[in-house]
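Presented below is the structure to which this report refers.
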């Protein structure tokens, strides 16, 4: 664990140990197949529940709860300024919705790595803690630790889950007898400055024979047709976000590089599964249509969070300038004529047995 963390309650691909960059040699054949567009689409459904739970503990220090407020959004207090996205109810809704999207996309499965009977599990950047809680229910004999900059997890949790306020970029100080059978890292883009160091620390604290799994989106909205050429504001949004993230020192366009990083860290049997995640209900495939129904909502919520965070806080845009781009970008995202998607990379590898 890092220094002085604050506790609070609350289809496989062939192994590859020296593969080329996944951007040029992805493992998923279907990644190159265009998604089939449905003739009839409807974006009328938008269903996800409001959050009502909050994390509570007398052991949380005042600095952790000393939140920052900017442009009508709330931001973390611990390690203030190290992460630009909010942690308020609206952001928690977005994270919960994304968890639901992953379950839909992965047919209800929580992970891709072929683990068996894990006893110690680390969920880095746990967010609202839903993945950790679901994993604890599925593996009741496992002990799950979830860490995050913000204490936004529910207080009613399974007995085999513990949450800590912690910064994954600090030095991890788990002892040799505290190594993990499985380390899970999801949507950390924008929160990590040195990915090689981050993955290296994960390797150091993975038990021999244990697994690491990284899940990250590409920072690029694209299409198989000319839709990507009809969305100038989406293009401006993602260009400016990438510019701001680079200026902030925590790039968000790193997903295609993670497979090689995991290999370089020392993991073996490394695999990379790449999925096209549709924005909207335009796919003909029933499952992808359902995924897209929720993902367009998630994307529009994310456009606001990223715009106010990266463009506002890093590039110095005014709130009004951000709002104009948010409105125009989201109009393009929900336009049913635009067959857009984002690639998702799931990379997992095993630490060699001793």
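Residue numbers (my numbering): 29 to 382. Glycine is no exception: its CB is placed at the ideal position from the N, C-alpha and C atoms.
Could you check what DSSP says for residue i in three-state terms: helix, strand or coil?
i	result
residue 342	helix
residue 141	coil
residue 83	Note that residue 83 scores 36 on pLDDT, short of 50, meaning its location in the model is unreliable; the coordinates nonetheless yield the value given after this. Residue 83: coil per DSSP, three-state reduction.
residue 370	strand
residue 228	helix
residue 182	coil
residue 307	strand
residue 66	coil
residue 365	coil
residue 377	strand
residue 257	helix
residue 382	coil
Which residue marks the beginning of the alpha helix (DSSP H) containing residue i, and which one marks its end?
i	result
residue 330	314–334
residue 162	158–166
residue 107	No alpha helix (DSSP H) holds residue 107; DSSP gives it neither H nor E.
residue 383	What is shown of the chain runs 29 to 382, which leaves residue 383 out entirely.
residue 355	347–361
residue 121	117–133
Quick test of your reading: residue i and residue j, contact by CB under 8 Å. State the CB separation rounded to the nearest angstrom.
i	j	result
residue 226	residue 196	7 Å
residue 95	residue 109	Contact doesn't hold; Cβ gap of about 12 Å is too wide.
residue 215	residue 247	Not a contact, Cβ separation roughly 12 Å.
residue 408	residue 380	Lying before the first or after the last residue shown, residue 408 is absent from the chain, which here runs from 29 to 382.
residue 373	residue 244	6 Å
residue 311	residue 116	No, residue 311 and residue 116 are not in contact; Cβ-Cβ is about 32 Å, not under 8 Å.
residue 303	residue 133	6 Å
residue 375	residue 286	5 Å
residue 173	residue 156	At roughly 16 Å, the Cβ-Cβ gap does not stay under 8 Å, so residue 173 and residue 156 are not in contact.
residue 319	residue 296	Actually they do not touch by this definition, with Cβ atoms about 31 Å apart.
residue 140	residue 301	6 Å
residue 113	residue 333	5 Å
What first and last residue would you give for the beta strand (DSSP E) that runs through residue i?
i	result
residue 173	171–176
residue 262	Per DSSP, residue 262 belongs to no beta strand (DSSP E); it is in the alpha helix (DSSP H), 260–276.
residue 96	96–98
residue 151	148–152
Inspect the CB distances between the region 145–164 and the region 179–188 and report whether three or more fall short of 8 Å. Yes, the region 145–164 touches the region 179–188.
Counting pairs of Cβ atoms below 8 Å between the region 113–130 and the region 342–354, do you hit three or more? no
Could you tell me whether the region 139–157 touches the region 311–326, where touching means 3 or more Cβ pairs closer than 8 Å? no
In chain order, which alpha helix (DSSP H) runs of at least 4 residues are fully inside the region 185–252? 223–232
Say whether the region 259–273 touches the region 189–209, bearing in mind that this needs 3 or more beta-carbon pairs closer than 8 Å, one atom from each stretch. no
Is there contact here, the region 351–370 with the region 278–289, by at least three beta-carbon pairs under 8 Å? no
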